[in-house]
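The sequence shown runs 260 to 442 under this note's numbering.
Note that CB positions come from ideal geometry on N, CA and C, so glycine has one too.
Below is one structure, written out as structure tokens, with a few remarks after it.
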Amino acid sequence: MEKNVHPDVERLLLSAEEIDKIVKKVAKEINEDYKDEELTAVVILRGSVVFSSDLIRNLDIPVKLEFMQVSSYGSGTTSSGCIELKMDIETDISGKNILIIEDIIDSGNTLYKLKEILKGRNPKTCRICALLDKPERRVTPVEVEYIGAKIPDEFVVGYGLDYDEKYRNLPFLGILKRSVYEG
Ligand code: IMP
Ligand code: MG
């Protein structure tokens with residue numbers, strides 16, 4: 260086992276090097292699709308901060324940054340399905356190319372709701388970019404145009420993703436030990 264894996268982490272899912280390759284692959288797709296266009300990246304706090312800061316530095320198109328926050332997991336590992344908007348953007352997005360940047364799509368509830376809210380404000384385009392996708396867990400179907408990697412149904416932490424606000428600073432993605440969140 261890698262020497263820098265955290266004691267609460269069962270096993271490494273993606274190393275920093277593997278994440279870097281994934282980020283560059285996604286950035287390339289976005290650069291190609293938005294050639295000669297301007298992009299407004301809507302970063303979903305807090306889990307997407309690490310991913311989005313790496314992603315935007317690999318974009319060679321003009322990018323504006325906006326932030327939104329929604330309530331999600333609290334201290335559990337399953338979504339309530341009830342999404343509360345905690346922080347909204349203050350900019351008029353009508354006529355703009357909106358790219359929602361999210362860390363992970365799980366049930367799909369959060370991104371479905373966010374996309375509905377933003378689409379209602381008449382952007383030119385509204386797409387989603389998620390670093391990780393757990394397709395087995397989907398409850399609400401939602402189209403995600405850019406996906407970094409599909410992963411199995413495991414609770415992962417690191418690279419911005421948390422459990423109970425911890426582990427966001429780990430430079431890799433790891434599967435959290437069940438003993439951390441079970442009994
Ligand atoms: P959804 O609404 O069920 O798709 O949940 C999306 C949100 O749940 C993400 O923004 C994450 O904050 C959180 N989440 C889902 N799965 C994980 C995970 O494996 N690790 C950490 N957070 C997760
Ligand atoms: Mg979270």
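Quick one: residues in its chain with C-beta nearer than 7 angstroms to the C-beta of residue i, no 5 flanking neighbours on either side, listed in chain order?
i, result
"GLY419", "GLY306, SER307, VAL308, VAL309, PHE310, ASP362, ARG427"
"GLY367", "ARG397, VAL398, THR399, PRO400, VAL401"
"LYS256", "Nothing about residue 256 can be reported from this structure: the residues present for the chain run from 260 to 442 only."
"LEU271", "GLU261, VAL264, PHE431, GLY433"
"LYS374", "ILE359, CYS385, ILE387, VAL401"
Would you mind reading off the limits of the alpha helix (DSSP H) that contains residue i?
i, result
"GLU375", "368-378"
"ARG437", "437-440"
"LYS221", "An answer regarding residue 221 cannot be provided, because it is not within the stretch 260 to 442 covered by the chain."
"PHE310", "308-315"
Using a Cβ-Cβ cut-off of 6 angstroms (strictly less than) and excluding sequence neighbours within five positions of residue i, which residues of its own chain qualify?
i, result
"LEU377", "ILE357, CYS385"
"GLU395", "ASP412"
"ASP319", "ASN290"
"LYS283", "ASN317"
"GLU297", "PRO321"
"GLN328", "LEU304, LYS345, MET346"
"ILE360", "ALA300, VAL302, SER307, SER311, CYS388"
"THR337", "none"
"GLU276", "none"
Quick check on residue i: buried or exposed, where buried means 16 or more other Cβ atoms within 10 Å of its Cβ?
i, result
"CYS341", "exposed"
"MET346", "exposed"
"LEU344", "exposed"
"ASP313", "buried"
"LYS280", "exposed"
"PRO382", "buried"
"LYS425", "exposed"
"LYS287", "exposed"
"ASP351", "exposed"
"ASP421", "buried"
"GLY379", "exposed"
"GLY407", "buried"
"LYS294", "exposed"
Tell me residue i's beta-bridge partners as DSSP assigns them.
i, result
"ILE303", "MET327"
"ALA389", "GLU361, ILE406"
"VAL322", "LEU298"
"LYS425", "TYR422"
"LEU273", "LEU432"
"ASN356", "THR384"
With a CB to CB cut of under 8 angstroms and the five nearest residues on each side skipped, what residues in its chain are close to residue i?
i, result
"VAL403", "ILE364, LEU370, ILE387, CYS388, ALA389, ASP392"
Does any C-beta atom of chain D lie closer than 8 angstroms to the C-beta of residue i?
i, result
"ASP362", "Judged by its chain identifiers, the structure shown contains no chain D, having just a single protein chain."
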